[in-house]
Amino acid sequence: MSAVVRHLRFHGRGGEGVKLASRIVSRAAFVAGWTVQDSPLYGAERRGAPVVAFVRCSDGPIHERGYIEMPDVVVLMDHSLLAHLDAAVLHGLGEDSLLLVNTAQPAEEIKAGYAVPGRVVTLDVSTIALDLLGHRWLSAPMAGLAVKATALAPWPTLAQAVAIELTEIGLDSEFVERNLRATQQAFEAAPAVGWAAAGKAPPPARASATALFVLPRLPARVAAPSIDAEATSALRTMDGWRVFRPVVDLTRCTRCFLCFALCPEGAIQLDSQHYPVIDYDHCKGCLVCVNECPPKAISEVREEAA
Amino acid sequence: MRRDLLTGNAAAAWGARLAEVDYIPAYPITPQTEIIEDLAQWIGRGELEARLVTLDSEHSMLTAAGAAAATGARVFTATSSQGLVYGFEMLYTVAGWRVPLVLVNVSRALAAPITLEPDHNDVLAARDSGFLQIHAETCQEVLDSVLMAYRLTEHPDVLLPVLVNLDGFYLSFTREPVSLPAAAAVREFLPAYQPVHAKLSAGHAMAQGVAVLGGSAYAFFKYQMQRAAEAALAVHAGIAAEFADRFGRSYGVVEGYQLDDAEWVIVMANSFSTVGKAEVSRLRAGGEKVGLLRLRLVRPFPVATIVAALSGRRAVAVIDQNISIGKGGILFAEVASVLRGGSAPPLRSFIGGLGGRRFRSEEFDLMLAALRQAEHSGGSSEPHLLFSETEYLQLREMLRIAHGQK
Chain A
-7 MSAVVRHLRF
3 HGRGGEGVKL
13 ASRIVSRAAF
23 VAGWTVQDSP
33 LYGAERRGAP
43 VVAFVRCSDG
53 PIHERGYIEM
63 PDVVVLMDHS
73 LLAHLDAAVL
83 HGLGEDSLLL
93 VNTAQPAEEI
103 KAGYAVPGRV
113 VTLDVSTIAL
123 DLLGHRWLSA
133 PMAGLAVKAT
143 ALAPWPTLAQ
153 AVAIELTEIG
163 LDSEFVERNL
173 RATQQAFEAA
183 PAVGWAAAGK
193 APPPARASAT
203 ALFVLPRLPA
213 RVAAPSIDAE
223 ATSALRTMDG
233 WRVFRPVVDL
243 TRCTRCFLCF
253 ALCPEGAIQL
263 DSQHYPVIDY
273 DHCKGCLVCV
283 NECPPKAISE
293 VREEAA
Chain B
10 MRRDLLTGNA
20 AAAWGARLAE
30 VDYIPAYPIT
40 PQTEIIEDLA
50 QWIGRGELEA
60 RLVTLDSEHS
70 MLTAAGAAAA
80 TGARVFTATS
90 SQGLVYGFEM
100 LYTVAGWRVP
110 LVLVNVSRAL
120 AAPITLEPDH
130 NDVLAARDSG
140 FLQIHAETCQ
150 EVLDSVLMAY
160 RLTEHPDVLL
170 PVLVNLDGFY
180 LSFTREPVSL
190 PAAAAVREFL
200 PAYQPVHAKL
210 SAGHAMAQGV
220 AVLGGSAYAF
230 FKYQMQRAAE
240 AALAVHAGIA
250 AEFADRFGRS
260 YGVVEGYQLD
270 DAEWVIVMAN
280 SFSTVGKAEV
290 SRLRAGGEKV
300 GLLRLRLVRP
310 FPVATIVAAL
320 SGRRAVAVID
330 QNISIGKGGI
340 LFAEVASVLR
350 GGSAPPLRSF
360 IGGLGGRRFR
370 SEEFDLMLAA
380 LRQAEHSGGS
390 SEPHLLFSET
400 EYLQLREMLR
410 IAHGQK
């Protein structure tokens, strides 16, 4: 009898706690007696770029590694990623799988709107985090949603896992306590829907391809890793990256230029009167401008309310 | 002994901690940095009595490592990819000094284009330097190999530095359950280093790596390194047996998986071997007699063991996670060079996993089909570059955007 391996894939954006959420879930399973493996994948991108992480839990050894192609569960930190096809959030989901989404939208809307196969559970984890942590630090409460929905471990085990992981990264005990409260609130609010009956069997030998593809040689003009088209990065909008939107009150602006000078994305221009104009297609919502504005003329507005 | 969840990076750091190293010259590079962060934290908390010094480059870092080893200190250092090749000339230099040290390399593909994910052109570029090389598949093996590497490098018959390789991301940032041996048990297995050759000190001057002209002396010293590397095979066998006896985990110079009755064999190395093993199990479930040979000790190259493991098979595929541009797979060339005569199997070369590219299950089906064909059509050394038509079409689309074509 071979081991049953459960597969969880986490999707989110840099800074949302994707890796830490996966580690808390993995730690909870480990404390509960499972054999586990967790790993993240990301590039050199800045805050806001898509990040993916994986957790495998097994009642025996795990002879697997790397990307999870056919997840039992996808944990989605940020529903805006559903619209980004290259984030491939739904890749490999089937009729038995479970999608857990941090959103205020009802599950039926997500399921219908994005043609999600399988079951969908939604919970507004951002609001829990904002209320109890004062910031959208999602890792621990998202782990609460994932552990409860999959019935991976009981609350005391999860609490232990949160404490271990948050202490390990150097958080003080008061902040760990607040995270525990946020996690418990998510844990209690989430339904326990459980896994599908059986673990995913490894895919059978596939006869679809008949021969190994032979890569052709292309002319060097296109075969080198270079970009000669102009403004390709301008085509890429940061729509959906922001939790908070910086909004300028021009009546208080002293035209000091600091926001324009300090915006790390160059997303603030000056108009003909030297007032700042924010390019919301490319503003990532880092809020450096809000922090730096001397007359406090820039305020932050939660994106969903904006 | 306790069992905890550790990344490959943390396992490497624990190896250095349990080896009770004296000196750690350091320079940060993704995905290696966590190793020195862990060590620095332990030193700061007084849990590890060692000196950690940050240097201005990997070139200086390797120089400092060799120089400190020449004083009789037990030295640990770590790098990755561009860092390893930046310090490249010092690999040859410190190996030539015949001083013992352990260098962990966290494999990451070399630019350009730039990536953070792994392949083995970094570590295999160092294969001719005099550093011995152990390639790890799991986080547990990383920790155990660091401990074994100190025994190997400090052995008087060897005294060549040892490089322990682990893959970026697939081990470096991957957590798995790892058994941490007790410090007292490690101390018995690996007592404090007693230098027998280099022991620079204020009261004992010596010259390292002196100039030689005329060829004869140069050749003599290089040949001595070759002899020491050859001797390392027997030394490793003894260390591995003792390690298995004390800690219950066995490590050969190679590892066989479902190999005994295998008619078709896949040769791989490092962490993607886990993926290969899963594919072997899947093909076995379908009735195919497939096995896997994982190369662990890459320098010295365990010729006799590899010949014995592969001779008489119906056909063998070598999957290289590296590419020697203009030739193909480096390990394929190495394996092919030792197999000859009537019992040598037909060989096929595949390149895969470059920059962390994922293997596809169907590729293993098709590689097996290629081996069946090879049994009848004989040898071929041309590498097959694993890539799917779907990936190719996606790349063409990206290229179209990059070049502003409508």
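First to last, the sequence lines map onto chains A and B. Reading the first sequence from the start, the letters are residues -7 to 298 in this note's numbering. Reading the second sequence from the start, the letters are residues 10 to 415 in this note's numbering. Where a beta carbon is used, it is the ideal one built from N, C-alpha and C, also for glycine. Every value quoted in this text rests on a predicted model; they were computed, and no experiment measured them.
Spatial distance of B:Gly335 from A:Glu180 (CA atoms): 60 Å
Pair every Cβ in the stretch 349 to 367 of chain B with every Cβ in the stretch 250 to 270 of chain B, then say whether three or more of these pairs are closer than 8 Å. no
Suppose the cutoff is 6 Å on Cβ atoms and the five residues either side in sequence are ignored; what does the same chain contact list for A:Leu12 look like? Ser131
Closer than 7 Å at the beta carbon, the chain A residues around B:His385: Correct list: empty, because the minimum Cβ distance to chain A is about 17 Å.
Interface positions of the stretch 40 to 73 of chain A facing chain B (Cβ-Cβ less than 7 Å), listed along the chain: His55, Glu56, Arg57, Gly58 and Tyr59
In the DSSP assignment, find the beta strand (DSSP E) that holds B:Leu209 and state where it starts and stops. Careful: B:Leu209 lies outside any beta strand (DSSP E) and carries neither H nor E.
How would you list, in chain order, the residues of chain B whose beta-carbon sits under 7 Å from the beta-carbon of A:Gly4? The contacting residues do not exist; A:Gly4 stays about 16 Å from chain B at best.
For the beta strand (DSSP E) holding B:His393, just list the boundary residues, first then last. Pro392 to Leu394
Chain A within 7 Å of B:Tyr202, Cβ atoms only: With 7 Å as the cut-off, B:Tyr202 does not count as an interface residue toward chain A.
Taking Cβ-Cβ distances shorter than 8 Å, what residues in chain D pair up with B:Ala121? Among the protein chains of the structure shown, namely A and B, there is no chain D.
B:Leu356: which of B:Tyr260, B:Arg367, B:Leu380 and B:Phe368 sits nearest, CA to CA? Closest option to B:Leu356, Cα to Cα, is B:Leu380.
From the beta carbon of A:Leu85, is the nearest beta carbon of chain B less than 7 Å away? no
For B:Leu301, does the three-state DSSP call read helix, strand or coil? strand
Contacts of B:Glu185 in chain A (Cβ-Cβ under 7 Å): Result: Gln29.
At 8 Å on the CB atoms, spell out the chain B contacts of A:Asp220, in chain order. Ala411, His412 and Gly413
Measure the alpha-carbon distance for A:Ile120 versus A:Val235 and round it to whole angstroms. 14 Å
In chain B, which residues lie less than 8 Å from A:Gly35 when you measure between Cβ atoms? Taking a Cβ-Cβ cut-off of 8 Å, the neighbours of A:Gly35 in chain B comprise Thr124 and Leu125, given in sequence order.
Closer than 6 Å to a non-hydrogen atom of the ligand COA - does that hold for the CB of B:Phe359? Annotation note on the ligand COA: not contained in the displayed structure, which lists no ligands.
Inter-stretch contact (C-beta, 8 Å, three-pair minimum) for the stretch 263 to 276 of chain B and the stretch 226 to 246 of chain B: These segments do not touch.
So, using beta-carbon positions, are B:Met277 and B:Ala326 closer together than 7 Å? No, these two residues do not count as a Cβ contact at 7 Å.
Given A:Leu91 as reference, the closest of A:Asp241, A:Asp64 and A:Gln261 once Cα atoms are compared: A:Asp64
Taking 6 Å as the limit between beta carbons, can you name the residues of its chain near B:Pro392, skipping five residues before and five after? Gly337, Gly338, Ser358 and Ile360
Taking only the alpha-carbon atoms, compute the straight-line gap between A:Ala253 and A:His127 and give it to the nearest angstrom. A:Ala253 and A:His127 have their C-alpha atoms spaced approximately 26 Å apart.
Check whether A:Asp30 and A:Ser14 have beta carbons under 7 Å apart: yes
Any Cβ of chain A within less than 7 Å of the Cβ of B:Gly55? No, no contact with chain A.
Grab the span of the beta strand (DSSP E) containing B:Met10 for me, first residue to last. First-last for B:Met10: undefined, no H or E at that position.
How would you write the range of the beta strand (DSSP E) that B:Asn174 sits in, first residue to last? For B:Asn174, the enclosing beta strand (DSSP E) has its first and last residue at Val171 to Asp176.
Excluding five sequence neighbours on each side, which residues of the same chain lie with their C-beta closer than 7 Å to the C-beta of B:Ala240? Within the same chain, B:Ala240 has close Cβ partners Asp166 and Val167.
Going along the chain, which residues of its own chain have a beta-carbon closer than 7 Å to the beta-carbon of A:Val117, five neighbours each way excluded? Asn94, Leu130, Pro133, Met134, Leu137 and Ala178
Classification of B:Ser90 by the beta-carbon crowding that lies within 10 angstroms, buried from 16 upward: Residue environment analysis places B:Ser90 among the buried positions, since at least 16 neighbouring C-beta atoms fall within 10 angstroms of its C-beta.
Buried or exposed, going by whether 16 or more other CB atoms sit within 10 Å of the CB of A:Ile161? exposed
If you draw a straight line from the alpha carbon of B:Leu57 to that of B:Tyr202, how long is it in whole angstroms? 17 Å
If you follow the beta strand (DSSP E) that B:Gly265 is part of, which residue opens it and which one closes it? Val263 to Tyr266
Helix, strand or coil, according to DSSP, for A:Phe236 in the structure here? strand
If we require 3 or more residues per run, which beta strand (DSSP E) segments fall completely within the stretch 70 to 128 of chain B? 85 to 88 and 111 to 116
Return no unless some Cβ of chain A is closer than 7 Å to the Cβ of B:Val299. no
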